[in-house]
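Working notes for the structure below.
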Amino acid sequence: MAQNHQTPNHQTRNQRLEPVENQLSLNMIPQNEKIRDDQVENSTKGMVWQVNDLNRLHRFLVLGSEQATYSIGKKELGMENAKAILRLFEAGRGLEVVNEILTFSLEGRTAKQDSIMLALAMCARLGDLPTKQRAYEVMPQICRIPTHLFMFVAQSKKLSHPTTGWGRAPRKAIQKWYNEKSPMKLAMAITKYQKREGWSHADIARVTHPKSDNPVIQCVLKYAVRGFAEMSTAFPDSVQNSEELNSVLSFFKAVEETKKLTMDNEDRVVELIEGQQLVREHIPTVCLGSKKVWDALLKKMPMTAMIRNLNKLTAIGLLEENNEQVQLVCENLRNEDLLKKARIHPFNVLLALKQYESGKSDKSGHSGRGDKVSLTWKANPIITKALEDAFYLSFKNVEPTGKRHMLAMDVSGSMQCGGCVGSPSIQPRVASAAMAMVTARTERDHKFVAFSDTIVPMNINSEMRLEEVLKATSSITMGSTDCAQPMFYAQRNKMEIDVFVVYTDCETWFGSVHPSEALKQYRIHSGVRDAKLIVVGMTSNGFTIADPEDPGMFDMAGFDSAAPQVMKEFILGNL
Numbered sequence: 001m002a003q004n005h006q007t008p009n010h011q012t013r014n015q016r017l018e019p020v021e022n023q024l025s026l027n028m029i030p031q032n033e034k035i036r037d038d039q040v041e042n043s044t045k046g047m048v049w050q051v052n053d054l055n056r057l058h059r060f061l062v063l064g065s066e067q068a069t070y071s072i073g074k075k076e077l078g079m080e081n082a083k084a085i086l087r088l089f090e091a092g093r094g095l096e097v098v099n100e101i102l103t104f105s106l107e108g109r110t111a112k113q114d115s116i117m118l119a120l121a122m123c124a125r126l127g128d129l130p131t132k133q134r135a136y137e138v139m140p141q142i143c144r145i146p147t148h149l150f151m152f153v154a155q156s157k158k159l160s161h162p163t164t165g166w167g168r169a170p171r172k173a174i175q176k177w178y179n180e181k182s183p184m185k186l187a188m189a190i191t192k193y194q195k196r197e198g199w200s201h202a203d204i205a206r207v208t209h210p211k212s213d214n215p216v217i218q219c220v221l222k223y224a225v226r227g228f229a230e231m232s233t234a235f236p237d238s239v240q241n242s243e244e245l246n247s248v249l250s251f252f253k254a255v256e257e258t259k260k261l262t263m264d265n266e267d268r269v270v271e272l273i274e275g276q277q278l279v280r281e282h283i284p285t286v287c288l289g290s291k292k293v294w295d296a297l298l299k300k301m302p303m304t305a306m307i308r309n310l311n312k313l314t315a316i317g318l319l320e321e322n323n324e325q326v327q328l329v330c331e332n333l334r335n336e337d338l339l340k341k342a343r344i345h346p347f348n349v350l351l352a353l354k355q356y357e358s359g360k361s362d363k364s365g366h367s368g369r370g371d372k373v374s375l376t377w378k379a380n381p382i383i384t385k386a387l388e389d390a391f392y393l394s395f396k397n398v399e400p401t402g403k404r405h406m407l408a409m410d411v412s413g414s415m416q417c418g419g420c421v422g423s424p425s426i427q428p429r430v431a432s433a434a435m436a437m438v439t440a441r442t443e444r445d446h447k448f449v450a451f452s453d454t455i456v457p458m459n460i461n462s463e464m465r466l467e468e469v470l471k472a473t474s475s476i477t478m479g480s481t482d483c484a485q486p487m488f489y490a491q492r493n494k495m496e497i498d499v500f501v502v503y504t505d506c507e508t509w510f511g512s513v514h515p516s517e518a519l520k521q522y523r524i525h526s527g528v529r530d531a532k533l534i535v536v537g538m539t540s541n542g543f544t545i546a547d548p549e550d551p552g553m554f555d556m557a558g559f560d561s562a563a564p565q566v567m568k569e570f571i572l573g574n575l
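At position 510 of the sequence shown (counting the first as 1) the number is 510 in full-length UniProt numbering, and the numbers step up by one without a gap.
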């Protein structure tokens, strides 16, 4: 008879797992009770972890806090995010904060600039001396257009003591902002973006007194403060016959002439647009009903402006069927290099897509920035398809990992409320579906599920249009939140999953097992010992279901345009 030579160190697989499973059974602790002392209570009384302050900064930069969530008001959410930044300052990490802001800004990873500008202003006004110096040093790189500059100045003023003036460092940074541009680029900037956030170029000049060694730039600054008439009568002798000055002067003359034109002069408006590269902001409102004028503007319209004005261009009949204007728009939308150069963020494309498909502007008339009248239009399906292509192209460096993915979307009640990235028309569950589709179109081996307190497989495939996916998610019945459901579902159905990607607001509370424990159980029962969990936070609250002590769990901000790249690096073990 064969003898059994097994020793306690050479047990069968089932014997080896038994004590671990017994131990796990002791962790069948409901989600409203702690499994470790470092857990905190979320807004629905569930026990989760607090994201570290740097991750919270990332969420704030990407998602902002302009919209309340289901459980947290926007004022409270904003205060909590600000406190996280202050804690980083107190920990001596102010320079790290500035550098993170710079990275997110230059890489175009945020859909809106509000949070970027607030965080930068906090560094400039509330940080220690090295942090302040670094903030002012990089300000011109982050504030790329006057709108950003006005936002930064407005936020800085709010954060300052009423008696605090503009010291040498901010004055020097603002002077650098104006001086780094060529005279023509500066002339375009100050006429295109004249006033935002309650500040104008004249206001900034009065408090910071920017000066330039370049006499032509000095003339441009004088135009911003004093107007054309005074600027045009006081040129320094050194530039009287300067080609650079003549170009700037011709441009300003065109801007001033255009202000006085009407629809009776549309041919002249077109001539000035084509001759001096005028943009929509230079054109009087009365002339923006002209198809000819919009056709002239479209030919060299910047990418961001083109996307914002698709509704207007369609409403006036310029984008019909597959005419040459439609072909130009679609060619631009599918040009990945143009999208990257313009730092087009996927969330803004999604917003434009949903608005365009709706065929009408919202009550405030925001069918295109600056267009305050109610608009209706019939969406051109060719444009719609190009917008969807632009959405996927605007994510950065999307490459497959070859791993088996479960894409799990939280469709509980809290994910239906509030907005995402400050936009009330895009609920977190809609944003989640759009994000998940990026992975689905990249990774061949993927499964879609939707969960609340129960879970259902979703009949979604990567060939479906984004609108079809959004409709499929909106039809699912909402319930309470149990973020452990994806792991239990995979375990019950004997699925081999390498990475669970859970799109959620982390307001989990309903289940009898914590999500982190569910993943640990899945690893044991499935044999996929290195199964990973990526928690994609769709709101900027400070909660996560990812165990910070488990290297196989990762937390990141939803709708970061670099999300696919970051997720890939984590999945492949490079983070």
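Heads up, the beta-carbon is just placed ideally off N, CA and C, and yes, glycines get one too.
Compute every distance between the C-beta of residue 222 and the non-hydrogen atoms of the ligand MG, then say whether any falls below 7 Å. The ligand MG is not part of this structure, which contains no ligands at all.
Ignore the nearest five residues each way along the sequence and tell me which others in residue 334's own chain have a CB closer than 8 Å to its CB. Here residue 334 corresponds to residue number 334 of the sequence shown, with the count starting at 1. Correct list, in chain order: 386, 389, 390 and 393.
Could you tell me the alpha carbon to alpha carbon distance between residue 432 and residue 537, rounded to whole angstroms? For the purposes of this step, residue 432 is taken as the residue at position 432 of the sequence shown. For the purposes of this step, residue 537 is taken as the residue at position 537 of the sequence shown. Roughly 9 Å separates the two Cα atoms.
Beta-carbon spacing of residue 408, residue 449 below 8 Å: In the sequence shown, counting from the first residue as 1, residue 408 sits at position 408. In the sequence shown, counting from the first residue as 1, residue 449 sits at position 449. Contact flag set, yes.
Is residue 215 helix, strand or coil by DSSP? For the purposes of this step, residue 215 is identified with residue 215 of the sequence shown, where counting begins at 1. It is helical.
Going by C-alpha to C-alpha distance, which of 561, 488 and 543 sits closest to residue 56? The sequence position of residue 56 within the sequence shown is 56, counting from 1. With distances taken between Cα atoms, residue 56 lies closest to 543.
Relative to the C-alpha of residue 99, which candidate in 132, 111, 376 and 325 has its C-alpha closest? Taking the first residue of the sequence shown as position 1, residue 99 is located at position 99. Taking only the C-alpha atoms, the option nearest residue 99 is 132.
Figure out for me which residue from 413, 572, 490 and 156 has the closest Cα to the Cα of residue 403. Position 403 of the sequence shown, counted from the start, is the residue given in the question as residue 403. Checked all of 413, 572, 490 and 156; the closest Cα to residue 403 is 572.
Can residue 119 and residue 97 be called in contact, C-beta distance under 8 Å? As a working mapping, residue 119 is identified with position 119 in the sequence shown. As a working mapping, residue 97 is identified with position 97 in the sequence shown. Yes.
Cβ shell of residue 310 (< 6 Å), same chain only, five flanking positions each side left out: The sequence position of residue 310 within the sequence shown is 310, counting from 1. Here the set comprises 356.
Drop a sphere of 10 angstroms on the beta-carbon of residue 339, count the other beta-carbons inside from all chains shown, and report buried for 16 or more, exposed for fewer. Position 339 of the sequence shown holds residue 339. Classification of residue 339: buried, given that the 10 Å Cβ count is 16 or more.
C-alpha distance - residue 180 paired with residue 558, whole-angstrom precision: Position 180 of the sequence shown, counted from the first residue, corresponds to residue 180. Position 558 of the sequence shown, counted from the first residue, corresponds to residue 558. Going by the C-alpha atoms only, they are around 34 Å apart.
Pick helix, strand or coil for residue 379, following the three-state DSSP scheme. Counting from 1 along the sequence shown, the entry for residue 379 is found at position 379. Note: residue 379 maps to coil in three-state DSSP.
Around the Cβ of residue 153, are there at least 16 other Cβ atoms within 10 angstroms (buried) or fewer (exposed)? Sequence index remark: in the sequence shown, residue 153 carries index 153 (1-based). The residue in question, residue 153, is buried, as its Cβ has 16 or more Cβ neighbours within 10 Å.
Report the partner residues of residue 420 according to the DSSP bridge assignment. As a first step, residue 420 must be located in the sequence shown, where it is residue number 420. 423, per the DSSP bridge assignment.
Taking buried to mean at least 16 other C-beta atoms within 10 Å of its own C-beta, is residue 117 buried or exposed? On the sequence shown, residue 117 is found 117 positions in, with the first residue counted as 1. Buried.
Assuming residue 154 is part of the alpha helix (DSSP H), what are its boundary residues? Translated into the one-based positions of the sequence shown, residue 154 becomes position 154. Residue 154 -> alpha helix (DSSP H) spans 146-159.
Who are residue 267's beta bridge partners in DSSP? For the purposes of this step, residue 267 is taken as the residue at position 267 of the sequence shown. For residue 267, which the question treats as bridged, DSSP gives no partner whatsoever.
Residue 407 by DSSP, collapsed to three states: which one? Taking the sequence shown and counting its residues from 1, the one referred to as residue 407 is at position 407. DSSP places residue 407 in strand when its eight states are reduced to three.
Looking at the structure shown, is residue 633 part of a helix, part of a strand, or coil, going by DSSP? Here the chain covers residues 1 to 575 and nothing more, so residue 633 does not appear.
Using 8 Å as the Cβ pair cut-off and three pairs as the minimum, do the region 33-43 and the region 523-536 touch? no
Is residue 533 near residue 500, with beta carbons less than 8 Å apart? Within the sequence shown, residue 533 is the residue found at index 533, counting from 1. Within the sequence shown, residue 500 is the residue found at index 500, counting from 1. Taking 8 Å as the Cβ cut-off, residue 533 and residue 500 qualify as a contacting pair.
C-beta neighbour in chain B for residue 562, strict 8 Å: No chain B appears in this structure, which consists of one protein chain only.
Return the residue from the list 295, 491 and 342 that minimises the CA-CA distance to residue 327. Taking the first residue of the sequence shown as position 1, residue 327 is located at position 327. Ranking the options by Cα distance to residue 327, first place goes to 295.
Can you check DSSP and say which residues form a bridge with residue 196? For this step, residue 196 is matched to residue 196 along the sequence shown. DSSP lists 199 as partners of residue 196.
Pairing CB atoms from the region 215-222 with CB atoms from the region 181-198, are three or more of them under 8 Å? yes
Start and end of the alpha helix (DSSP H) containing residue 177? Position 177 of the sequence shown, counted from the start, is the residue given in the question as residue 177. Note, residue 177: alpha helix (DSSP H), 168-179.
Under 8 Å by Cβ, that's how I've got residue 248 and residue 258 pegged, so tell me the actual separation to the nearest angstrom. As a working note, residue 248 is residue 248 in the sequence shown. As a working note, residue 258 is residue 258 in the sequence shown. A Cβ-Cβ distance of about 16 Å is found for the pair residue 248 and residue 258, leaving them out of contact under the 8 Å criterion.
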